[in-house]
Amino acid sequence: MQVNGYKPLIVAFCCNWCSYAGADLAGNNRLNYPADVKIIRVPCSCRVNPMFILRAFQRGADGVIICGCHPGDCHYTSGNYYTRRRMALLFSMLDYLGIEKERTRVEWVSAAEGAKFAATMNDFVETVAALGENKRLEDLRCKK
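Numbering-wise, the sequence shown is residues 72 to 215 according to our numbering.
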């Protein structure tokens, strides 16, 4: 999606067991979501260190989304509960740094929800595109 010639760069951390499989199902069903969403597969959403998100913003990401299993369905028993607590703290820190809260999101997407994955990505890209380019944590050395 482009807004005035601007295409946001989105980093999506997806759980191997549910969300990544949901992304695969979206692709198999030929559901459209922007190609600017860069998916990083992680074993579990709880493995996403808050520093990964800060580094993504520093490296030029305009938005970061974490997708994991639904609470109670985690393959690692309680990983997504840790994610929910950790990200609540990170969101308050990003607010302190002046990063709009709409630039980050946590979503629960199962392997059977390819349509939800595509809809979530389309909605998130649209929201981030409306915010414009992220300049707050940008490291100019990372630009080409």
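All C-beta atoms in this analysis are idealised placements derived from N, C-alpha and C, irrespective of residue type, glycine included.
Whole-angstrom distance between residue j and residue i, CA atom to CA atom
i	j	result
Ala183	Arg176	20 angstroms
Thr107	Gly76	Note that residue 107 corresponds to Asp in the displayed sequence, not to Thr. Asp107 and Gly76: Cα-Cα distance of roughly 13 angstroms.
Gly169	Arg207	7 angstroms
Leu165	Arg126	12 angstroms
Ile124	Pro79	16 angstroms
Thr198	Tyr104	14 angstroms
Presumed contact (8 angstroms Cβ cut-off) between residue i and residue j, rounded CB distance
i	j	result
Leu202	Arg157	With a Cβ gap of about 23 angstroms, Leu202 and Arg157 do not count as contacting.
Gly93	Ser116	Actually they are not in contact, since the Cβ atoms of Gly93 and Ser116 sit about 13 angstroms apart, beyond 8 angstroms.
Check whether residue i and residue j have beta carbons under 9 angstroms apart
i	j	result
Val119	Phe84	yes
Ala189	Ala132	no
Asn100	Ala186	yes
Ile81	Ile137	no
Trp88	His141	no
Asn193	Gly134	no
Gly139	Val180	yes
Helix, strand or coil at residue i according to DSSP, with G and I counted as helix
i	result
Cys140	coil
Val82	strand
Cys124	Looking at the sequence shown, residue 124 is not Cys but Ile. In the structure shown, Ile124 sits in a helix (DSSP, three-state: H, G or I).
Gly150	helix
Val199	helix
Lys206	coil
Arg156	helix
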